[in-house]
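S.K.:
Numbering (the UniProt record's numbering), first residue to last: 1 to 395.
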């Protein structure tokens with residue numbers, strides 16, 4: 001990710017849904033005035049969901065999600081439809097695209113009810129009106145032509161009116177007085193991305209700078225030296241992997257937390273993940289634990305999700321646990337096999353997707369926590385790492 005670009009997780013996700021050949025891909029091209037999506041008269045051109053990040057006035061940074069036709073057939077087609085419907089869980093604004101000549105049928109009505117049940121702002125877009133006629137639009141409908149671009153501007157205005165009002169949730173700056181010195185501990189090891197910082201570290205630095213705070217960045221190996229040069233920082237934020245060492249170096253009177261815990265707070269997952277952590281003490285031999293990451297990356301021999309956390313978990317519990325992992329979009333729909341889920345901070349997922357995963361775990365009765373809380377808890381420092389957040393949020 002470029003340091004100058006808006007992360008995908010911070011963009012408004014606009015999902016296009018509908019039957020094959022309804023004109024979803026051509027509609028994306030018309031809205032963006034670019035050839036972003038492959039267009040063909042052949043049904044089923046779009047197979048797997050395709051995500052395109054771009055700037056769209058007057059909305060700003062967005063991600064378009066082009067999905068497979070909801071009327072796809074056969075065994076493979078059913079899987080494509082399932083994938084398309086899963087995209088609803090990361091969709092902030094849904095466009096149900098309908099061929100004006102064919103009109104709405106049971107397939108369209110089914111997905112519309114699903115969109116409504118998920119409380120997603122939506123528009124029903126009747127496309128190909130150059131081949132038929134333009135009807136008068138209503139609050140939730142609009143008639144357009146991707147081919148002639150008629151009413152595309154009106155469609156963009158309507159999409160903009162559906163922009164979700166997001167909480168102005170801070171990552172870290174609201175935890176300290178403006179102008180404070182905050183030390184960020186960032187390990188540089190084999191798993192660190194070469195030549196850049198990971199997304200939560202970038203976001204926290206920018207969050208602090210925007211408030212006039214002074215972020216001081218160091219490796220854990222230079223932390224002790226750094227603290228001696230600073231009279232007393234208002235807060236220390238560490239990568240969760242270094243929690244055990246950092247907690248011993250940072251004096252008890254200096255607040256301490258982690259990037260992962262801050263991301264849980266930022267994504268609206270703090271309450272669920274905090275209350276799920278103590279289930280770690282109920283794990284027994286043979287229990288299945290899912291360790292899930294929202295991104296995909298090159299695994300190393302010191303990977304946190306597949307190596308470090310499984311080892312810490314087994315050492316802490318003393319149990320013979322069966323560890324399973326998932327990454328990217330492959331979060332399981334059926335969680336019944338798991339006694340516990342440990343999820344990453346979710347920096348690469350938008351808030352709707354993170355909240356959906358938390359809600360699914362709660363609904364299916366499976367405790368879920370996140371990396372930072374699990375590591376802090378296993379090191380006996382969770383209360384300390386949560387204290388500054390509790391004091392600020394009145395948790």
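We put the beta carbon where it would ideally sit given N, CA and C, even for glycine. Computed from a predicted model, the values in this text were never measured in an experiment.
1. Only counting the same chain, and skipping five residues up and downstream in sequence, which positions put a Cβ closer than 8 Å to that of residue 335?
2. Taking just the CA atoms, how far does residue 244 sit from residue 94?
3. Count the other CB atoms within 10 Å of the CB of residue 43; is the residue buried (16 or more) or exposed (fewer)?
4. Helix, strand or coil for residue 61, going by three-state DSSP, please let me know.
5. So residue 319 and residue 285 are supposed to be a Cβ contact under 8 Å. How far apart are they, rounded?
6. What are the partner residues of residue 288, as DSSP defines its beta bridges?
7. Below 8 Å on the Cβ atoms is my contact criterion, and I expect residue 216 with residue 171 to pass it. Report the Cβ-Cβ distance as a whole number of Å.
8. Taking three-plus beta-carbon pairs below 8 Å as touching, is the region 259-275 in contact with the region 300-309?
9. Confirm, please, whether the CB-CB distance from residue 220 to residue 242 is below 7 Å.
10. Less than 7 Å between C-beta atoms, sequence neighbours within five positions excluded: which residues of the same chain meet that for residue 196?
11. How is the beta strand (DSSP E) around residue 141 delimited, first residue to last?
12. Indicate the three-state DSSP secondary structure (helix, strand or coil) for residue 236 in the structure shown.
13. By the three-class DSSP mapping on this structure, what secondary structure does residue 382 have?
14. Within its chain, find whatever has a CB closer than 8 Å to the CB of residue 187; leave out the 5 residues flanking it on each side and keep chain order.
15. Using 8 Å as the threshold, is the region 48-64 in touch with the region 7-20, meaning 3 or more CB pairs across them?
16. Which of the three DSSP states, helix, strand or coil, is assigned to residue 176?
17. Roughly how many angstroms lie between the CA atoms of residue 380 and residue 247, to the nearest whole one?
18. To the nearest angstrom, how far is the alpha carbon of residue 141 from that of residue 222?
19. How many angstroms separate the CA atom of residue 115 from the CA atom of residue 122?
20. Touch check for the region 123-141 and the region 174-181: three-plus C-beta pairs under 8 Å?
21. Hey, residue 182 and residue 235 are a contact pair by Cβ (cut 8 Å); roughly how many whole angstroms apart?
M.R.: So, from the data block:
1. Residue 335 sits at position 335 when you count from the first residue of the chain shown. Closer than 8 Å at the Cβ level, and outside the excluded window around residue 335, lie 290, 341, 360, 361, 364 and 366.
2. Counted from its first residue, the chain shown places residue 94 at position 94. Counted from its first residue, the chain shown places residue 244 at position 244. For residue 94 and residue 244, the distance between alpha carbons rounds to 44 Å.
3. Here residue 43 refers to the residue found at position 43 of the chain shown. Unreliable placement is indicated for residue 43, whose pLDDT of 49 sits below 50; the coordinate value is still reported in the next sentence. It is exposed - the Cβ of residue 43 has fewer than 16 other Cβ atoms within 10 Å.
4. In the chain shown, counting from the first residue as 1, residue 61 sits at position 61. Here residue 61 sits in strand by DSSP.
5. Position 319 of the chain shown, counted from the first residue, corresponds to residue 319. Position 285 of the chain shown, counted from the first residue, corresponds to residue 285. That belief holds up - the Cβ atoms of residue 319 and residue 285 are roughly 5 Å apart, short of 8 Å.
6. Numbered from 1 along the chain shown, position 288 holds the residue referred to as residue 288. Answer is 322, bridged to residue 288.
7. By 1-based counting over the chain shown, the position of residue 216 is 216. By 1-based counting over the chain shown, the position of residue 171 is 171. The pair is not a contact, with the Cβ atoms about 17 Å apart (cut-off 8 Å).
8. no
9. Start at 1 with the first residue of the chain shown, and residue 242 comes out as number 242. Start at 1 with the first residue of the chain shown, and residue 220 comes out as number 220. In this structure, residue 242 places its C-beta atom within 7 Å of the C-beta atom of residue 220.
10. Stepping through the chain shown from its first residue, residue 196 is reached at position 196. Excluding positions up to five away in sequence, the list is empty.
11. Against the chain shown, residue 141 aligns to sequence position 141. It spans 141-143 - the beta strand (DSSP E) in which residue 141 sits, taken as one unbroken run.
12. Position 236 of the chain shown holds residue 236. Residue 236 falls in the strand class under three-state DSSP.
13. Stepping through the chain shown from its first residue, residue 382 is reached at position 382. Correct three-state label for residue 382: helix.
14. For this step, residue 187 is matched to residue 187 along the chain shown. Around residue 187: 219, 220, 239, 241 and 242.
15. A contact between stretches requires three or more CB pairs, one per stretch, nearer than 8 Å, and the region 48-64 meets this requirement with the region 7-20.
16. In the chain shown, the residue the question calls residue 176 occupies position 176. Note: residue 176 maps to coil in three-state DSSP.
17. Position 380 of the chain shown holds residue 380. Position 247 of the chain shown holds residue 247. Cα to Cα, the separation comes out at about 10 Å.
18. Within the chain shown, residue 141 is the residue found at index 141, counting from 1. Within the chain shown, residue 222 is the residue found at index 222, counting from 1. Taking the straight line from one Cα to the other gives about 59 Å.
19. Translated into positions along the chain shown, residue 115 becomes position 115. Translated into positions along the chain shown, residue 122 becomes position 122. Answer to the nearest angstrom: the Cα atoms are 8 Å apart.
20. no
21. Position 182 of the chain shown, counted from the start, is the residue given in the question as residue 182. Position 235 of the chain shown, counted from the start, is the residue given in the question as residue 235. Yes, they are in contact, since the Cβ atoms of residue 182 and residue 235 sit about 5 Å apart, within 8 Å.
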